[in-house]
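The next block holds one structure in the form of structure tokens; read it before the comments.
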Amino acid sequence: MPLHDAHYQHWLGSHTSIWGRRLVIAQNGLSACLRNKQLRTFILACWFGGLLMAGTLFFVGQLLVPDSIVTQWVAKMNPNLQAFARMLTFWLKDHPAISVGTTQNVLFYFYCVYSMPLSIFALGLALPALITRDLASNAIVIYSSKAVTRGDYLLGKFCTAFGLMTLTWLGPVCAAWFMGNLLAPDWNFFWYARIALFHALVFGLSSMVILCLLALGVSAVSSREKSTPAIWFIWWVLGLAIQPIALHTLPWLRHVSFGYDLRQIGLATFRLGQDLKTAQDGIPIFGQMLKNVSLETRAALNDPTLGGALAGLALMLLAAALIIKKRVAPE
Amino acid sequence: MTSEPVIETEGLSKVFGRQRALDNVSLKVAPGSIGLLGPNGAGKSTFMKCLLQLQPITFGSAKLLGREVGREGREIRKRVGYAPEQNCHIPGMAGCEYVTYCAQLSGLPFQAARQRAHEMLDFVGMSQERYRKVDSYSTGMKQRLKLAQAIVHDPEIVFLDEPTNGLDPKGQAQILELVQGLWRSYGITVILSSHLLHDVEQVCEQIIIIARGKVLVHDSLENLKARKSGAAEVVLARGHGELQAACRGKNWACDVLPNGHLRIEHRADTLNPLLTLMHELHLPPLEIIPSPNALEETFVQALEISHAAA
């Protein structure tokens, strides 16, 4: 006997808002992604990376405390480092914006840029759960026949990808910033590190929006579950491989790589060149140390090819939009 | 219950390249159970898809439940259910999860969606299979699931595209019974698209015949039968030969059908002359089916006219 009355009954309740329905699409997409064991492992790896970053910040923070365990340990390893650490302590007093703010800005640039590949990889694994499967199973027709539009559907899927990237990238970055500064020797660290967080958020959020839109485009290219991740990974790896070859021959070709373009946005956001200059001007010893930085690297830091990167990404986004428009139609 | 038309179209046309899938369709359809008949490729599915905004309308206008199609898509679809012809489940989901999700997409809160999903799965006769992945369902189960997701949000009108495709006779009868009940017992307008005349005749009170993108016939089944009066199918316990001879005497065509029934063309508007004859012969009928093939004849005739015009 059924648990419920087997006769039809009318429903008299009130409907959820359109944002509620979009959220349902996002939730469903995210839970479909998380059914993938590989993806769950990747998310764990990303959080482990965040933990390492928090540890690094803790380590750097302890270097600024006179006679801390870390300083003593460093002194045992190399007496010269102890002198360096003491100097850092003085810097902290005289130039906290540089010793904390600049250091964290540089650290967060590297952390954001070098943890991005993990996130891109995770996104690649999640592609079938975005649009590909819905195309394969004709589920698009069901979405279109319910009280959601194509725009709502795409927004929901975008939120799925965004949620996944928050789990693999922005979440660990923010958690590392918070944990690292919570374990710092002084509460002022939160204040001086705010710019690093702001840069990380601006870079992270803009990159996530771009990557999520590109992922939606690639996810809509085919209805085969194996094809879309393959296209994503080939595009990504090909972009990485082209960079050194194109550097001296066709520099514009580097903008085919979304990874390269996003790094240029990262450089422009974190303003590492500006940081180096401030550090050199403010602290003479930094000036000596940074003389070793090659001219090419300095040029890259000071003048990232932002225009080319934005143009490249704009073209890629346009292509993604066209693919979505063509493919994500009910029939 | 409202008597306002549920569907209103004015010059509705849909063009795919050079092909006109719908050609200047103007209709006013009252609530009820409506059969959309036509051969394959006639434009039945396109007509439904245009109303549901699954296909953009090329020319003309359409109103569904009094609202302009194309302007108030979300609001319209909150009150409309659709079971497409092809399979369109979401892979990896169990049946009850799928129906719950569909209810949520139609705007039901999660708790209500889950409860309604189970109620509708009971209603369509699915038991423990609901906890299995949809991918493993048989054709019959998928058809039931499609019906459940189409009505889970309590729509005012439900579009069913070939709901008995791929079902065995028992499954067909069960689905048709459920569909019939939607209008007769619960007041949900049903638009049943099919190329199977028997399905439509069993369920529907109004008939729309479409061919080559044009509406050829739109009338009630009762009127169609009245138009085709003059023939009857008679079931007798005895005296077949006697009645046949009497019919020949009156110059009425009388044939024995493969099921043993007699088909008599009495050429009158009512059954009275036939009944009088049987009374005179002392042959009590077990059953008399007036205008037995009215729908089929109307359908064939409409198609012939359409072909001739083309």
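Residue numbers (my numbering), protein chains in the order written: chain A, 164 to 494; chain B, 428 to 737.
Just so you know, even glycine gets a beta-carbon here, dropped at the ideal spot from N, CA and C.
From a predicted model like this one, the values you see are computed outputs, not experimental measurements.
- When the cut-off is 8 angstroms and only beta carbons count, does Glu589(B) lie next to chain A? Not a single C-beta of chain A is nearer than 8 angstroms to the C-beta of Glu589(B).
- Query: In the DSSP assignment, what residue or residues form a beta bridge with Gln446(B)?
  - Reply: In DSSP, Gln446(B) forms a bridge with Phe443(B).
- Message: Closest to Tyr492(A) by C-alpha separation, out of Ala208(A), Thr295(A) and Gln235(A), would be which residue?
- Response: Per the sequence presented here, residue 492(A) reads as Ala, with Tyr not at that position. Distance check between Ala492(A) and each of Ala208(A), Thr295(A) and Gln235(A) places Thr295(A) closest, using alpha-carbon atoms only.
- Glu546(B): first and last residue of the uninterrupted alpha helix (DSSP H) it sits in: Per DSSP, Glu546(B) is one residue of the alpha helix (DSSP H) stretching across Phe537 to Phe550.
- Query: Which chain A residues are close to Tyr528(B), counting only those with a beta carbon under 8 angstroms from its beta carbon?
  - Reply: Within 8 angstroms Cβ-Cβ: Val187 and Asn191.
- Query: For Thr591(B) versus Leu603(B), is the C-beta distance shorter than 8 angstroms?
  - Reply: Against a cut-off of 8 angstroms, the Cβ pair of Leu603(B) and Thr591(B) comes out as a contact.
- Message: Buried or exposed for Gln437(A), going by 16 or more other Cβ atoms inside 10 Å?
- Response: Burial is judged here by how many other beta carbons sit within 10 angstroms of a residue's own beta carbon; Gln437(A) has fewer than 16 and is exposed.
- Arg571(B) to Arg557(B), Cα distance in whole Å? When the Cα atoms are used, Arg571(B) and Arg557(B) turn out to be separated by approximately 11 angstroms.
- DSSP on Arg739(B), reduced to helix/strand/coil? Residue 739(B) lies beyond the stretch modelled for chain B, which goes from 428 to 737, so this question has no answer here.
- Item | Length of the line joining the Cα atoms of Leu643(B) and Trp174(A) | Cα-Cα distance, rounded: 37 angstroms.
- Message: Assuming Ala469(B) and Arg639(B) are in contact, meaning their beta carbons sit under 8 angstroms apart, how far apart are those beta carbons, in whole angstroms?
- Response: About 7 angstroms separates the two Cβ atoms, so the contact holds.
- Message: Does His709(B) come out as helix, strand or coil in the three-state DSSP assignment?
- Response: In the three-state scheme derived from DSSP, where H, G and I count as helix and E and B as strand, His709(B) is classed as coil.
- Query: Should Phe474(B) be flagged as near chain A, meaning a C-beta pair shorter than 8 angstroms?
  - Reply: For Phe474(B), no CB of chain A lies under 8 angstroms from its own CB, so it is not counted at the interface with that chain.
- Query: According to the Cβ coordinates, are Leu377(A) and Ala477(A) closer than 8 angstroms?
  - Reply: In this structure, Leu377(A) lies away from Ala477(A), with their beta-carbon atoms at least 8 angstroms apart.
- Query: Which full runs of the alpha helix (DSSP H) of 4+ residues lie inside the stretch 194-259 of chain A, going along the chain?
  - Reply: Runs found: 200-226, 232-240 and 242-257.
- Query: Relative to the alpha-carbon of Val400(A), which residue among Leu330(A), Gly422(A), Ile188(A) and Lys309(A) has its alpha-carbon at the smallest distance?
  - Reply: When the alpha-carbon of Val400(A) is set against those of Leu330(A), Gly422(A), Ile188(A) and Lys309(A), the nearest one is in Gly422(A).
- Could you give the DSSP three-state label for Pro717(B): helix, strand or coil? For Pro717(B), the secondary structure class from DSSP, reduced to helix, strand or coil, is strand.
- Message: For the stretch 540-552 of chain B, list every residue whose C-beta sits within 7 angstroms of some C-beta in chain A, in sequence order.
- Response: The residues in question are Arg543, His545, Glu546, Asp549 and Phe550.
- At least 3 beta-carbon pairs within less than 8 angstroms: the stretch 577-595 of chain B vs the stretch 499-513 of chain B: Touching, yes, given that three or more Cβ pairs across the two stretches are closer than 8 angstroms.
- Task: Since I believe Arg426(A) is in contact with Val276(A) (beta carbons under 8 angstroms), could you give me their beta-carbon distance rounded to a whole number of angstroms?
- Result: Rounded, the Cβ-Cβ distance is 6 angstroms, consistent with contact.
- Message: Could you tell me which whole alpha helix (DSSP H) segments of length 4 or greater appear in the stretch 629-655 of chain B?
- Response: Runs found: 648-654.
- Message: Looking at Ala339(A): is its Cβ nearer than 8 angstroms to the Cβ of Tyr274(A)?
- Response: Yes, Cβ-Cβ distance for Ala339(A) and Tyr274(A) is below 8 angstroms.
- Task: Please work out which residues of its chain come closer than 6 angstroms, Cβ to Cβ, to Met164(A), disregarding the five sequence neighbours upstream and downstream, and give them in chain order.
- Result: Legend: pLDDT at Met164(A) = 45, less than 50; position of this residue unreliable, no value from coordinates given.
- Between which two residues does the beta strand (DSSP E) harbouring Cys681(B) extend? Counting along the chain, the beta strand (DSSP E) containing Cys681(B) begins and ends at Ala680 to Val683.
- Item | Residues near Leu481(A) in its chain [Cβ-Cβ closer than 6 angstroms; skip 5 each side] | Taking C-beta separations shorter than 6 angstroms and ignoring five residues to either side along the sequence, Leu481(A) has no partners in its chain.
- Leu364(A) versus Met371(A): straight-line alpha-carbon distance, rounded: Roughly 10 angstroms separates the two Cα atoms.
- Within-8 angstroms CB hit, Tyr355(A) to chain B: It does not: the Cβ of Tyr355(A) has no partner Cβ on chain B nearer than 8 angstroms.
- Task: Check the Cβ-Cβ distances between Ser533(B) and every residue of chain A, and say whether any is below 8 angstroms.
- Result: Taking a beta-carbon distance threshold of 8 angstroms, Ser533(B) counts as an interface residue toward chain A.
- Beta carbon proximity, Ser300(A) to chain B, threshold 8 angstroms: Ser300(A) counts as touching chain B.
- Reduced DSSP category for Gly657(B) - H, G, I as helix; E, B as strand; rest coil: In the structure shown, Gly657(B) sits in coil (DSSP, three-state: anything other than H, G, I, E or B).
- Item | Boundaries of the alpha helix (DSSP H) in which Tyr509(B) is found, first to last residue | No alpha helix (DSSP H) holds Tyr509(B); the beta strand (DSSP E) holding it covers Val507 to Ala510.
- Does Gly470(B) have its Cβ less than 8 angstroms from a Cβ in chain A? Chain A, which has no Cβ nearer than 8 angstroms to the Cβ of Gly470(B), makes this no.
- Item | Leu288(A) versus Leu360(A), Ala404(A), Asp424(A) and Cys196(A), residue with shortest Cα-Cα distance | Of the listed residues, the one whose Cα sits closest to Leu288(A) is Cys196(A).
- Item | Cβ neighbours of Ile458(B) in the same chain (closer than 6 angstroms, five flanking residues each side left out) | Before going on, a small fix: residue 458(B) reads as Pro here, not Ile. Same-chain partners within the cutoff: Val433 and Thr616.
- Task: Output the distance between the C-alpha atoms of Asn199(A) and Met279(A), rounded to the nearest integer angstrom.
- Result: The alpha-carbon of Asn199(A) is positioned some 20 angstroms away from that of Met279(A).
- Which residues bound the alpha helix (DSSP H) around Thr519(B)? One detail in the question is off: residue 519(B) reads as Gly in this sequence, not Thr. Note, Gly519(B): premise wrong, no alpha helix (DSSP H); not H, not E.
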